[in-house]
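Following: one structure in structure tokens, then a few remarks.
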Amino acid sequence: MRIGYFLSTEEYPPAELLAQARAAEQAGFSALWISDHYHPWTDAQGQSPFVWSMIGALSQATSLPVTTAVTCPTTRIHPAVLAQAAATSAVLHGGRFILGVGSGEALNEHILGDPWPQAGVRLEMLEEAVEVMRKLWRGKFVNHYGRHYRVEHARVYTLPETPPPVYVSAFGPKAVDLAARIGDGFVNTMPDADLVRRFRDNGGGDKPCQGGFKAAYAPTEQEGMRLAYERWPTEAIPGELLQVLPSPRHFEQAAQLVDPAAMRESFVCGDSADAHLARIDAFAKAGFDEVYVANTGPDWQGLLDLYQSEVLPQLR
1 MRIGYFLSTE EYPPAELLAQ ARAAEQAGFS ALWISDHYHP WTDAQGQSPF VWSMIGALSQ
61 ATSLPVTTAV TCPTTRIHPA VLAQAAATSA VLHGGRFILG VGSGEALNEH ILGDPWPQAG
121 VRLEMLEEAV EVMRKLWRGK FVNHYGRHYR VEHARVYTLP ETPPPVYVSA FGPKAVDLAA
181 RIGDGFVNTM PDADLVRRFR DNGGGDKPCQ GGFKAAYAPT EQEGMRLAYE RWPTEAIPGE
241 LLQVLPSPRH FEQAAQLVDP AAMRESFVCG DSADAHLARI DAFAKAGFDE VYVANTGPDW
301 QGLLDLYQSE VLPQLR
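This is the structure:
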């Protein structure tokens with residue numbers, strides 16, 4: 001199983017993200033995820049650099065494969081523009097770039113004043129956006145007149161030798177079915193064997209499945225829980241609120257309903273290698289091929305050291 005490190009753009013500034021990427025490669029991680037947000041979930045997280053600048057910088061800072069986890073290609077950035085960004089990223093990374101996509105959250109996608117569609121419409125938009133990007137990656141002039149997008153006489157000139165793979169993030173049955181139909185891989189953050197099975201049975205076959213989880217590295221579990229609740233109470237917000245709330249302030253209001261003890265379910269808190277191995281094992285048993293871990297809080301180097309000395313050696 002490939003073990004990767006998840007770069008959280010919501011929490012760390014650009015230079016620190018690059019330092020984490022270099023240190024993760026030195027520690028023995030095999031790949032990188034990087035999040036794509038316009039806003040952080042809460043003001044306490046405090047960052048949100050432009051991911052495409054970060055991806056370009058990562059191409060010069062590390063040799064690890066990079067996956068966006070995930071980009072929404074439907075509203076904030078038109079898929080024709082995103083096709084160019086992804087193609088350039090794939091060229092810079094020499095075939096080591098994967099475009100992870102999803103249907104997005106209002107938190108990031110409302111900023112241009114577009115109405116926030118219902119879930120079914122967002123999946124339609126995602127499917128058409130991927131279609132538009134793949135047309136442009138053929139290197140020909142494209143005219144596209146679809147239900148949601150219009151492209152007129154557009155061509156992407158700078159292209160990689162092969163188009164970047166598109167992995168689709170999905171959590172509900174309809175989204176998983178879409179991922180199986182149009183995706184080159186599957187992305188999820190829950191060790192849910194039923195979702196993986198549905199993806200594989202409905203057309204995903206043996207395509208790669210990427211999973212990920214968050215950690216709060218600290219000397220004790222209690223200190224880790226405190227960090228997790230301070231920075232990421234949103235991880236315990238239930239239902240569709242994550243998709244529909246439009247601002248960090250609204251997420252902070254919703255987070256007031258979260259029990260701090262719930263962070264134990266969402267995060268691996270503390271400094272236990274066994275706890276990390278158990279969470280990775282849960283993803284492996286669910287059928288995932290790759291697992292990515294993110295850290296919250298200041299001691300990300302401590303997490304990387306833990307993996308280098310105690311976690312990764314047991315997985316080789």
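The opening position of the sequence shown corresponds to residue 1 in UniProt numbering, with each subsequent residue numbered one higher. For glycine and all other residues, C-beta sits at the position ideal for the given N, C-alpha and C. Quick caveat: nothing in here was measured; it's all calculated off a predicted structure.
{"Query": "Are there 16 or more other CB atoms within 10 angstroms of the CB of K285, so buried, or fewer, so exposed?", "Result": "exposed"}
{"Query": "By DSSP, does L257 sit in helix, in strand, or in coil?", "Result": "coil"}
{"Query": "For T71 and S103, which I take to be in contact (beta-carbon distance under 8 angstroms), what is that distance rounded to the nearest angstrom?", "Result": "The pair is not a contact, with the Cβ atoms about 11 angstroms apart (cut-off 8 angstroms)."}
{"Query": "Is it buried or exposed for A15, if we count other Cβ within 10 angstroms and need 16 for buried?", "Result": "exposed"}
{"Query": "Under the three-state reduction of DSSP, which class applies to G211: helix, strand or coil?", "Result": "strand"}
{"Query": "Beta carbon of E230, beta carbon of S266: below 7 angstroms?", "Result": "no"}
{"Query": "Starting from G224, follow the alpha helix (DSSP H) in both directions and report where the run begins and ends.", "Result": "221-231"}
{"Query": "For E105, which residues from the same chain have a beta carbon less than 7 angstroms from its beta carbon, with the 5 sequence-adjacent residues on both sides left out?", "Result": "L242, Q243"}
{"Query": "Determine the DSSP secondary structure at L7, reduced to helix, strand or coil.", "Result": "strand"}
{"Query": "Runs of 4 residues minimum, wholly inside the segment 168-209: which ones carry the alpha helix (DSSP H) assignment?", "Result": "173-182, 193-199"}
{"Query": "Nearest-angstrom Cα distance between P233 and V142?", "Result": "44 angstroms"}
{"Query": "Using a Cβ-Cβ distance cut-off of 7 angstroms, determine whether P40 contacts chain B.", "Result": "Here there is only one protein chain, and chain B is not present."}
{"Query": "Pair every Cβ in the segment 37-48 with every Cβ in the segment 77-84, then say whether three or more of these pairs are closer than 8 angstroms.", "Result": "no"}
{"Query": "Would you be able to state if there are at least three C-beta pairs under 8 angstroms between the segment 283-301 and the segment 2-10?", "Result": "yes"}
{"Query": "Hey, out of S63, E131, G224, whose CA is closest to L303's CA?", "Result": "G224"}
{"Query": "Residues in the same chain with beta-carbon distance under 6 angstroms from S89, minus the five sequence neighbours each way, listed in chain order, please.", "Result": "I55, F97"}
{"Query": "Tell me the rounded alpha-carbon separation between V121 and F186.", "Result": "20 angstroms"}
{"Query": "Where L277 and V311 are concerned, what is the direct C-alpha to C-alpha distance, given to the nearest angstrom?", "Result": "7 angstroms"}
{"Query": "I'd like to confirm the pairing. Which residues does DSSP put opposite L99 in its beta bridges?", "Result": "V166"}
{"Query": "DSSP three-state label for W33, please.", "Result": "strand"}
{"Query": "Since I believe L64 is in contact with A87 (beta carbons under 8 angstroms), could you give me their beta-carbon distance rounded to a whole number of angstroms?", "Result": "About 20 angstroms separates the two Cβ atoms, so there is no contact after all."}
{"Query": "If you compare alpha carbons, which of Y167, K140, F171, Q60 is closest to T158?", "Result": "K140"}
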